[in-house]
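Shown next, in structure tokens, is the structure this report addresses.
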Amino acid sequence: PGSDSLTGRRIVISAGGTREALDPVRFLGNRSSGKQGIALAKAAHAAGAEVELVAANIDSGLLSDLPAGITITPVESTLELQTAMHASQPAADALIMAAAVADFRPAETTGSKMKKTGDDGLTLRLVQNPDILRGLVDERVGAQIIVGFAAETGDAQSTALDYARAKFARKGVDLLVFNDVSNDRAFGHDHTAVQIIGSADGQTTIGEEFQGSKDDVSQKVIAALTEQLTD
Ligand code: C5P
Numbered sequence: 199p200g201s202d203s204l205t206g207r208r209i210v211i212s213a214g215g216t217r218e219a220l221d222p223v224r225f226l227g228n229r230s231s232g233k234q235g236i237a238l239a240k241a242a243h244a245a246g247a248e249v250e251l252v253a254a255n256i257d258s259g260l261l262s263d264l265p266a267g268i269t270i271t272p273v274e275s276t277l278e279l280q281t282a283m284h285a286s287q288p289a290a291d292a293l294i295m296a297a298a299v300a301d302f303r304p305a306e307t308t309g310s311k312m313k314k315t316g317d318d319g320l321t322l323r324l325v326q327n328p329d330i331l332r333g334l335v336d337e338r339v340g341a342q343i344i345v346g347f348a349a350e351t352g353d354a355q356s357t358a359l360d361y362a363r364a365k366f367a368r369k370g371v372d373l374l375v376f377n378d379v380s381n382d383r384a385f386g387h388d389h390t391a392v393q394i395i396g397s398a399d400g401q402t403t404i405g406e407e408f409q410g411s412k413d414d415v416s417q418k419v420i421a422a423l424t425e426q427l428t429d
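If you count the sequence shown from 1, position 186 lands on 384 in the UniProt record's numbering, and the numbers rise without skipping.
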């Protein structure tokens with residue numbers, strides 16, 4: 199995208215991985231580094247957008263790499279991420295959910311450190327987290343563009359792409375960036391391979407597989423997003 203193709207546009211990007219507290223020192227989390235979301239924020243900023251990065255537990259060294267002018271909103275848990283995204287939704291031209299969101303959180307969080315249980319082991323009860331992306335689609339403002347990510351693996355029944363196509367239909371997003379993680383190609387690495395799923399004239403469109411650095415992939419995603427923005 200050109201250096202001013204997103205001038206005057208506000209883009210909100212979630213990145214990193216949420217953490218669900220068990221007690222003051224422990225959490226359930228995931229391995230997302232936040233690199234993809236950071237690359238997206240840089241690409242959108244370079245295209246002239248006003249960018250807010252809602253950063254879930256991203257290493258401060260990675261965040262310090264960001265150009266000045268990008269607003270960083272730090273969050274930890276899924277519920278905090280959801281609150282931050284909805285707070286920013288009304289003024290946004292586009293929202294990108296690149297964060298890896300915990301599907302479940304502990305039913306209870308204790309205020310003091312959990313103690314060892316002896317030989318009894320420990321059973322954790324988890325409750326389902328909200329699907330933030332779904333909620334954003336439900337509350338879409340005007341012609342707002344909403345972008346999701348989908349890391350999928352194939353199995354005996356379906357290919358990873360089939361699952362991504364079904365997810366695109368189900369989630370109601372404008373664009374779904376599909377990442378085939380069958381061979382552990384995404385998390386924590388600088389290189390990735392994606393296909394961008396969208397729609398044109400009521401038909402689902404599936405982009406060619408694109409391989410490159412997370413910066414290269416971000417250029418593609420921002421270009422696809424820019425194309426969808428109207429007026
Ligand atoms: O359903 P799945 O988790 O594969 O969907 C991935 C997409 O949905 C990503 O864009 C992710 O940020 C978003 N997501 C979400 N809330 C959840 C789980 C995923 O917004 N609870």
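Backbone N, C-alpha and C define an ideal beta-carbon position, used for all residues, glycine too.
It should be emphasised that the depicted structure is a prediction, and the values quoted were computed from it without experimental measurement.
Let me confirm a value: residue i is counted as buried when at least 16 other C-beta atoms fall within 10 Å, else exposed. Which label applies?
i, result
"serine 231", "buried"
"threonine 390", "buried"
"leucine 324", "exposed"
"lysine 233", "buried"
"aspartate 291", "buried"
"glutamate 306", "exposed"
"leucine 374", "buried"
"alanine 367", "exposed"
Can you give me the C-alpha to C-alpha distance between residue i and residue j, rounded to a whole angstrom?
i, j, result
"leucine 260", "alanine 253", "11 Å"
"serine 275", "glutamate 218", "5 Å"
"residue 472", "glycine 206", "For the chain, the structure presents residues 199 to 429; residue 472 sits outside this window and is missing."
"proline 222", "leucine 264", "30 Å"
"glycine 309", "leucine 220", "9 Å"
"valine 273", "proline 288", "19 Å"
"proline 199", "lysine 314", "54 Å"
"isoleucine 344", "asparagine 255", "22 Å"
"aspartate 257", "valine 371", "28 Å"
"valine 392", "leucine 427", "21 Å"
"glycine 227", "aspartate 317", "25 Å"
"asparagine 327", "arginine 303", "6 Å"
"alanine 285", "alanine 341", "18 Å"
"isoleucine 270", "arginine 332", "23 Å"
"alanine 421", "methionine 312", "48 Å"
"phenylalanine 347", "phenylalanine 376", "6 Å"
Kindly indicate the opening and closing residues of the beta strand (DSSP E) around residue i.
i, result
"aspartate 378", "373-378"
"isoleucine 211", "208-214"
"arginine 303", "302-304"
"glutamine 409", "408-411"
"glycine 346", "343-350"
"leucine 293", "292-295"
"leucine 324", "324-326"
"glycine 396", "389-398"
Between which two residues does the alpha helix (DSSP H) carrying residue i extend?
i, result
"leucine 334", "330-336"
"leucine 359", "358-369"
Would you say the beta carbon of residue i comes nearer than 7 Å to a heavy atom of ligand 3?
i, result
"phenylalanine 408", "Ligand 3 is not among the ligands present in this structure, which contains only ligand 1."
For the structure I just gave you, are there three or more beta carbon pairs, one from the segment 209-218 and one from the segment 291-306, closer than 8 Å? Because the criterion of three Cβ pairs below 8 Å is met, the segment 209-218 and the segment 291-306 touch.
What are the complete alpha helix (DSSP H) segments, minimum 4 residues, inside the segment 219-276? Fully enclosed alpha helix (DSSP H) runs of 4 or longer: 233-244, 258-261.
Check whether the segment 355-363 and the segment 334-341 touch, using three or more Cβ-Cβ pairs below 8 Å as the test. Taking 8 Å as the limit for Cβ pairs, the verdict is that the segment 334-341 does not touch the segment 355-363.
Touching or not, the segment 401-416 and the segment 234-254, by the rule of three or more beta carbon pairs under 8 Å? The segment 234-254 and the segment 401-416 touch, with three or more beta-carbon pairs separated by less than 8 Å.
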